[in-house]
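Q: Got a structure for you, questions after.
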Amino acid sequence: MSAVTAPMKHGLGLKQLGGMWGECAAEFLGTCVLILFGDGVVAMAVAALPGSGRAQSATTIFLASGDWLLITWGWAFAVCFGVYIAGGVTGAHLNPAVTLAFAVRRKFPWRKVLPYSISQIVGAFVGAALVWWNYHDSIHAYDAAAAKGGATLVHGHTNATFSIFATFPSPAFNGSMWGPLLDQIIGTALLLLCIAAVVDARNTIVKANLAPLIIGFAVAAIGMSFGANAGYAINPARDLGPRILAYFAGFGELALPGTVHGPGGFSGYMWVPIVGPLIGGVIGIFIYDLFIGKVLDARAALGAPEEAPEQVPPVDDELDY
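For any residue, its number in my numbering is found by taking its place in the sequence shown, counting from 1, and adding 3.
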C-alpha cells in the first residue's frame with residue numbers, strides 16, 4: 004500500500020482547520036479513537052464476552068489475570084493508535100495532564116491549553132457514546148444477570164459496567180480519597196516521565212516513528228503495575244468525558260458526582276481522576292528535567308564525552324508529545 008503524501012486537490016471547504024481549529028480537531032479525533040479502543044476493550048471483558056457465552060458464566064469477569072492483561076494491552080494499543088492518528092498535527096497530547104505539563108515545562112503555548120483540553124474531553128465523550136451505542140445491549144444483559152445473582156445495583160447498573168466508562172477506587176481505601184489521589188499522581192508522573200524520555204531527541208531517541216508504540220507500552224506497564232487501586236485513569240479527559248456520558252446513559256450518581264453507598268463505598272469521587280493526573284503530570288516532567296534533562300544540558304555545554312550516545316539536535320517542543 005503506497006503512502007499518501009499530498010492533500011486532496013479538491014478539498015472539503017475546511018481550510019479554516021489549518022490553525023487552532025485543525026489542532027483541536029486532531030485532539031478531538033485522536034482522543035475519540037483512544038476511548039473507542041480503550042472503553043471498547045473494557046466493554047468486551049466486562050459485558051460482551053460474558054453475554055456472548057464466551058466466558059464461564061453470564062457474569063464472569065477477571066477469572067484470571069489474563070482478563071486484566073486484555074484490558075491493559077487494549078488501552079496500550081488505544082493510546083498508540085490515537086497518537087498515530089493525531090501526532091502529525093499536534094504531537095497528540097490526548098490528555099490534559101500532558102497538555103498542562105508541556106505548558107509548564109516545554110513552552111507549549113498557554114493559550115492552547117484550554118482549547119486542547121476541551122477538545123480532548125469532547126472527543127472522549129463522543130468515543131464513549133459510540134461504545135455505549137454498540138454495547139448497551141450487552142451492558143443491560145450483564146446488569147440483569149448480576150441482579151439475579153444478588154448484586155447491588157445503582158440506578159439499574161453495577162460498578163462493573165460503570166467501569167467500562169470511568170474509574171472508581173478500590174474498596175480497600177474505605178472511602179478515603181487520599182490513597183486514590185496518590186495513586187493517580189504516581190501513575191501520571193510515570194506516564195509523563197516516560198513520554199519526556201521518549202520524545203527527547205537528546206536522549207536514547209526512538210527511531211522509525213515508533214514513539215507512539217513505546218508510549219503505548221508505557222501505558223501498559225502503568226496498568227499492570229498501578230492499575231487496580233483506582234483504575235489508572237492517568238488522564239482527566241479519559242475519565243471525565245465518558246463519566247459525563249455514563250451519567251446521561253442512566254448511571255446516575257455512580258457517574259456524577261461518583262458516589263456509591265454502603266461498605267467500601269465512596270462519595271464525590273469524580274474530582275480525583277481529574278486533579279491527581281494534573282498534579283502528577285507536572286511532577287513527572289519536573290523529575291525528568293531534574294534528573295535527566297539537566298545532565299543532558301550539562302553534557303551538551305561541556306562537550307559530550309566519547310562514550311556518550313550520539314547527540315541529535317533537539318526538535319521543536321510544540322511538535323512533540
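We put the CB at the ideal spot given by N, CA and C, even for glycine.
Does the segment 87 to 96 touch the segment 22 to 37, meaning 3 or more C-beta pairs lie closer than 8 Å?
A: The segment 22 to 37 is in contact with the segment 87 to 96.
Q: Within the segment 54 to 127, note down every full beta strand (DSSP E) run reaching 3 residues or more, in order along the chain.
A: Correct list: empty.
Q: Roughly how many angstroms lie between the CA atoms of Pro172 and Gly244, to the nearest whole one?
A: For the purposes of this step, residue 172 is identified with residue 169 of the sequence shown, where counting begins at 1. For the purposes of this step, residue 244 is identified with residue 241 of the sequence shown, where counting begins at 1. Going from the Cα of Pro172 to the Cα of Gly244 covers about 18 Å.
Q: Confirm, please, whether the CB-CB distance from Thr170 to Ile142 is below 8 Å.
A: Numbered from 1 along the sequence shown, position 139 holds the residue referred to as residue 142. Numbered from 1 along the sequence shown, position 167 holds the residue referred to as residue 170. It is not a contact, given that the beta carbons lie outside the stated cut-off.
Q: Spatial neighbours of Glu309 within its chain, please: C-beta separation below 7 Å, excluding the five flanking residues on both sides.
A: Position 306 of the sequence shown, counting from 1, holds the residue named residue 309. Annotation note: pLDDT 49 at Glu309 (below 50); position unreliable, coordinate value reported separately. Result list for Glu309: empty, nothing under 7 Å.
Q: Alpha carbon to alpha carbon, how far is Gly85 from Thr262? Give it in angstroms, no decimals.
A: The sequence position of residue 262 within the sequence shown is 259, counting from 1. The sequence position of residue 85 within the sequence shown is 82, counting from 1. Approximately 30 Å between the Cα atoms of the pair.
Q: Pair every Cβ in the segment 77 to 84 with every Cβ in the segment 221 to 235, then say whether three or more of these pairs are closer than 8 Å.
A: Counting Cβ pairs under 8 Å, three or more are found: they touch.
Q: Can you name, in chain order, every residue of its own chain whose Cβ lies under 6 Å from the Cβ of Cys197, other than the five neighbours on each side?
A: Counted from its first residue, the sequence shown places residue 197 at position 194. Excluding positions up to five away in sequence, the list reads Ala221.
Q: Determine which residues share a DSSP beta bridge with Val263 and list them.
A: Start at 1 with the first residue of the sequence shown, and residue 263 comes out as number 260. Paired residue(s): Phe269.
Q: Between Gly287 and Leu193, how many whole angstroms is the CB-CB distance? I'm expecting something under 8 Å.
A: As a working mapping, residue 287 is identified with position 284 in the sequence shown. As a working mapping, residue 193 is identified with position 190 in the sequence shown. Indeed, because the Cβ distance is near 6 Å, the residues count as touching under 8 Å.
Q: Roughly how many whole angstroms lie between the Cα atoms of Leu184 and Gly306?
A: Walking along the sequence shown from the start, residue 184 turns up at place 181. Walking along the sequence shown from the start, residue 306 turns up at place 303. C-alpha separation (whole angstroms): 42 Å.
Q: Look at the alpha carbon of Ala51 and the alpha carbon of Asp186, and state the distance between them as a whole number of angstroms.
A: In the sequence shown, residue 51 corresponds to position 48, counting from 1. In the sequence shown, residue 186 corresponds to position 183, counting from 1. Each residue's alpha carbon lies about 29 Å from the other.
Q: By alpha-carbon positions, which one of Glu30, His139 and Gly279 ends up nearest to Asp42?
A: Residue numbering aside, residue 42 sits at position 39 when the sequence shown is read from its first letter. Here the closest residue by C-alpha is His139.
Q: Is the distance from the Cβ of Gly283 to the Cβ of Gly182 below 8 Å?
A: Walking along the sequence shown from the start, residue 283 turns up at place 280. Walking along the sequence shown from the start, residue 182 turns up at place 179. No, the Cβ-Cβ distance between Gly283 and Gly182 is not below 8 Å.
Q: Which residues does DSSP pair with Val157 in a beta bridge?
A: Here residue 157 refers to the residue found at position 154 when the sequence shown is read from its first residue. His160.
Q: Mind checking which residues open and close the alpha helix (DSSP H) that includes Gly284?
A: Indexing the sequence shown from 1 puts residue 284 at position 281. Taken as a continuous stretch (DSSP letters only), the alpha helix (DSSP H) holding Gly284 covers Val275 to Tyr291.
Q: Throw me the rounded Cβ distance for the Ala258 and Ala249 pair, which I believe falls under 8 Å.
A: Numbered from its first residue, the sequence shown carries residue 258 at position 255. Numbered from its first residue, the sequence shown carries residue 249 at position 246. The pair is a contact, with the Cβ atoms about 4 Å apart (cut-off 8 Å).
Q: Along the chain, which unbroken stretches of the alpha helix (DSSP H) at least 4 residues long are found entirely within the segment 206 to 252?
A: Qualifying alpha helix (DSSP H) stretches, in chain order: 214 to 229 and 239 to 249.
Q: When the Cα atoms are used, what is the spatial distance from Ala144 to Gly54?
A: Indexing the sequence shown from 1 puts residue 144 at position 141. Indexing the sequence shown from 1 puts residue 54 at position 51. Each residue's Cα considered, the two are about 7 Å apart.
Q: When you compare only the Cα positions, how much space is there between Leu103 and Ala150?
A: The residue labelled residue 103 in the question sits at position 100 within the sequence shown. The residue labelled residue 150 in the question sits at position 147 within the sequence shown. Their Cα atoms are separated by approximately 42 Å.
Q: Closer than 7 Å by C-beta to Val116: which residues in its own chain qualify, once you throw out the five before and the five after it? Chain order, please.
A: Counting from one through the sequence shown, the residue named residue 116 turns up at place 113. Answer for Val116: Thr102, Leu103 and Ala106, listed in chain order.
Q: Less than 6 Å between C-beta atoms, sequence neighbours within five positions excluded: which residues of the same chain meet that for Tyr87?
A: Counting from 1 along the sequence shown, the entry for residue 87 is found at position 84. Pro215, listed in sequence order.
Q: Which one of Leu299, Ala46 and Arg302 has the shortest CA to CA distance from Asn162?
A: Mapped onto the sequence shown, residue 162 falls at position 159. That would be Ala46, whose Cα lies nearest to the Cα of Asn162.
Q: In angstroms, rounded to a whole number, what distance separates the CA positions of Phe128 and Arg246?
A: Position 125 of the sequence shown holds residue 128. Position 243 of the sequence shown holds residue 246. If you take the alpha carbons of Phe128 and Arg246, they lie about 8 Å apart.
Q: Report buried or exposed for Leu322, applying the criterion of at least 16 other Cβ atoms within 10 angstroms of its Cβ.
A: Taking the sequence shown and counting its residues from 1, one reaches residue 322 at position 319. Low local confidence applies: a pLDDT of 46 at Leu322 is under 50, so the model's placement there is unreliable, with the coordinate-based value given in what follows. Answer is exposed; the Cβ neighbour count stays below 16.
Q: Within this structure, are the beta carbons of Thr75 and Gly230 separated by less than 8 Å?
A: Here residue 75 refers to the residue found at position 72 of the sequence shown. Here residue 230 refers to the residue found at position 227 of the sequence shown. Their beta carbons are under 8 Å apart, which means Thr75 touches Gly230 by this criterion.
Q: Name the residue from Pro266, Gly265, Ile121 and Gly271 whose alpha carbon lies nearest to the alpha carbon of Gly255.
A: By one-based count along the sequence shown, residue 255 stands at place 252. Of the candidates Pro266, Gly265, Ile121 and Gly271, the one whose C-alpha sits nearest the C-alpha of Gly255 is Gly271.
Q: Can Ile167 and Val134 be called in contact, C-beta distance under 8 Å?
A: Within the sequence shown, numbered from 1, the residue matching residue 167 stands at position 164. Within the sequence shown, numbered from 1, the residue matching residue 134 stands at position 131. In contact: Ile167 and Val134 (Cβ atoms closer than 8 Å).
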